[in-house]
Amino acid sequence: MENSRNIKVQTDDMEAGCSALAWETEDGKHLWGRNFDHSRIAEGSRVTYLPRKTEYTTWCRKPGNGERAQSRYACVGTGFTEISSAPVLYEGINEKGLMGGQLYYRGFARYSSETEAGEEMLQPPFAVLHLLAQCRTVNEAVRIIEKETTLVNTEFLGTVPPLHWAFCDKTGEMAVIEPDEEGLRIYRDTIGVMTNSPGYSWHRLNLLNYAGLRDEDYPEADFGKEKLEQCFSGSGAQGIPGDCTSPSRFVRLAFLKKYAVKGRNETDGAAYMFRLLQNAAFPLGAVRVTDQGHITEYDKEVKPYDYTVYTSVMCPESLRFYWNTYEKPGIRYVDLNRMMKKKEIISISLDDGGEFISLS
1 MENSRNIKVQ
11 TDDMEAGCSA
21 LAWETEDGKH
31 LWGRNFDHSR
41 IAEGSRVTYL
51 PRKTEYTTWC
61 RKPGNGERAQ
71 SRYACVGTGF
81 TEISSAPVLY
91 EGINEKGLMG
101 GQLYYRGFAR
111 YSSETEAGEE
121 MLQPPFAVLH
131 LLAQCRTVNE
141 AVRIIEKETT
151 LVNTEFLGTV
161 PPLHWAFCDK
171 TGEMAVIEPD
181 EEGLRIYRDT
191 IGVMTNSPGY
201 SWHRLNLLNY
211 AGLRDEDYPE
221 ADFGKEKLEQ
231 CFSGSGAQGI
241 PGDCTSPSRF
251 VRLAFLKKYA
261 VKGRNETDGA
271 AYMFRLLQNA
281 AFPLGAVRVT
291 DQGHITEYDK
301 EVKPYDYTVY
311 TSVMCPESLR
321 FYWNTYEKPG
331 IRYVDLNRMM
341 KKKEIISISL
351 DDGGEFISLS
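Here the UniProt record's numbering is used: the first residue of the sequence shown is 1, the next is one more, and so on.
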């Protein structure tokens, strides 16, 4: 989708990763998940439940002043609520089963410097919460972002992060939303994979370079007078890229989405999906950061490397939100159905639970 809005170049090219994947189970459950890859996470970021009628900010020049809204639907995800007037979600799921999150779109993200008539201003960091708080489905999220709001180039905490978004619902469709120099691009019925720059259309076309990948080993190699029998497994995937770049992670996840065995049920599916996302994760120490970008007052533990700070997986049928962290890989979850009995915001440390368990 293109438009003619007056756009301003985004100059804060902060280094970061992130990978997202939509999947399903054999018994018809849908899953959406992501890796959060960065050299840090803002102090105070936690698994956060926001009940119905939570007031939040959609646009402001400084915390406490700006445009406000009230949530129609309860939601839970990983978020930042240290500034009570301006809560942020990085990703999450709402009570209607809409799931989604933000990923870095370094070097490509562009936002408007003015709004279209009749549209409300929406700052990029608040987009995930706003759409989860107001929408039941991918269709509604697309309508709001396309027709009712303008993503604006206004700083929050001294920066305008370069972002694009993916949203998924009970239908299994994953839509990708990308604001770039041509305007707002919306991709529907995608293959269900997203990483970082370049944009989705580039990644999709790039898959043609790997059309020969398959799950089955190739037979013996025939060199005319000599034939060599295979002596190792995995030859069907020879040539699949193994580095940490965005294009390589996209190819690996697309391959795994096509061939990986689905879980029989949600429990299996969530566990398997953590394994899939691990194939696109950043090991700590493998990706040294050359430019940390803008560091806010809440960025207290900045590492010299990008790494997978946490992974989250969610299911719209059960309304469960699962996660683990780099330091504590055990999978934990919260149940939004149970949390909706509460009328106040609830925050849970990302590192709660997940300890090693001795069975000796």
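The beta carbon of each residue, even a glycine, is placed where N, CA and C say it ideally should be.
Would you mind giving the Cβ-Cβ distance between residue i and residue j, rounded to the nearest angstrom? I have them listed as a contact below 8 Å.
i: Leu50; j: Ser71; result: 6 Å
i: Thr154; j: Gln123; result: 5 Å
i: Pro63; j: Val88; result: The pair is not a contact, with the Cβ atoms about 11 Å apart (cut-off 8 Å).
i: Arg34; j: Ser19; result: 6 Å
i: Ile93; j: Met339; result: Ile93 to Met339, Cβ: 11 Å. No contact.
i: Thr325; j: Asp291; result: At roughly 25 Å, the Cβ-Cβ gap does not stay under 8 Å, so Thr325 and Asp291 are not in contact.
i: Leu103; j: Gly269; result: That pair is no contact at about 22 Å.
i: Gly281; j: Arg252; result: It is Ala, not Gly, that sits at residue 281 in the sequence shown. With 8 Å as the limit, Ala281 and Arg252 do not qualify as a contact, their Cβ atoms being about 11 Å apart.
i: Glu119; j: Glu148; result: 6 Å
i: Asp306; j: Gly17; result: 6 Å
Is residue i helix, strand or coil by DSSP?
i: Tyr307; result: strand
i: His164; result: strand
i: Val152; result: strand
i: residue 405; result: Outside the displayed span of the chain (1 to 360) sits residue 405, for which this structure offers no information.
i: His294; result: coil
i: Phe255; result: helix
i: Asp180; result: strand
i: Lys147; result: helix
i: Met340; result: coil
i: Asp299; result: coil
i: Gln134; result: helix
i: Tyr210; result: helix
i: Thr171; result: coil
i: Glu266; result: helix
i: Ser349; result: coil
i: Arg249; result: helix
i: Leu31; result: strand
i: Glu226; result: coil
i: Val88; result: strand
i: Ser235; result: helix
i: Leu113; result: As written in the sequence, residue 113 is Ser, which differs from the Leu given in the question. Here Ser113 sits in coil by DSSP.
i: Arg40; result: coil
i: Tyr218; result: coil
i: Ala141; result: helix
i: Val128; result: helix
i: Leu205; result: helix
i: Tyr326; result: coil
i: Tyr56; result: strand
Report buried or exposed for residue i, applying the criterion of at least 16 other Cβ atoms within 10 angstroms of its Cβ.
i: Ile191; result: buried
i: Tyr218; result: exposed
i: Ala271; result: exposed
i: Cys60; result: buried
i: His294; result: exposed
i: Ile177; result: buried
i: Arg110; result: buried
i: Trp23; result: buried
i: Val193; result: buried
i: Glu2; result: Residue placement at Glu2 cannot be trusted, given a pLDDT of 37 that sits under 50; what the coordinates show is reported in the next sentence. The residue is exposed, with fewer than 16 neighbouring Cβ atoms inside 10 Å.
i: Val302; result: exposed
i: Ser356; result: The residue asked about is misnamed: residue 356 is Phe in this sequence, not Ser. Exposed, by the Cβ-count rule.
i: Leu163; result: buried
i: Ala286; result: exposed
Alpha carbon to alpha carbon, how far is residue j from residue i? Give it in angstroms, no decimals.
i: Thr11; j: Ser39; result: Residue confidence for Thr11 is low, a pLDDT of 36 falling below 50, so the modelled location carries little weight and cannot support an answer.
i: Ala260; j: Met273; result: 9 Å
i: Arg288; j: Asp27; result: 41 Å
i: Lys309; j: Glu55; result: The question names Lys, yet the displayed sequence has Val at residue 309. Cα to Cα, Val309 sits roughly 28 Å from Glu55.
i: Glu220; j: Leu228; result: 6 Å
i: Thr58; j: Ser201; result: 28 Å
i: Val25; j: Leu151; result: The amino acid at residue 25 is misidentified as Val; the sequence shows Thr. Taking the straight line joining both Cα atoms gives about 35 Å.
i: Ser358; j: Pro329; result: 15 Å
i: Tyr298; j: Phe80; result: 10 Å
i: Leu319; j: Lys53; result: 19 Å
i: Gln238; j: Ile348; result: 42 Å
i: Ala69; j: Leu129; result: 11 Å
i: Met99; j: Lys342; result: 21 Å
i: Gly66; j: Pro161; result: 19 Å
i: Tyr333; j: Ser312; result: 9 Å
i: Trp323; j: Ile331; result: 6 Å
i: residue 396; j: Ser360; result: The structure shown does not extend to residue 396, since the chain spans only 1 to 360, so no value can be given for it.
i: Ala211; j: Glu146; result: 33 Å
i: Leu336; j: Ala141; result: 20 Å
i: Glu116; j: Ile186; result: 17 Å
i: Tyr73; j: Ala127; result: 15 Å
i: Asn265; j: Pro316; result: 13 Å
Indicate whether at least one CB of chain D lies closer than 8 Å to the CB of residue i.
i: Trp202; result: Within the model displayed, chain D is absent; a lone protein chain is all it includes.
(request) Check whether the stretch 173 to 193 touches the stretch 227 to 239, counting contact only when three or more Cβ pairs, one atom from each stretch, lie closer than 8 Å. (result) no
(message) Below 8 Å, how does it come out for the stretch 90 to 109 and the stretch 135 to 153: are there three or more Cβ pairs, yes or no?
(response) yes
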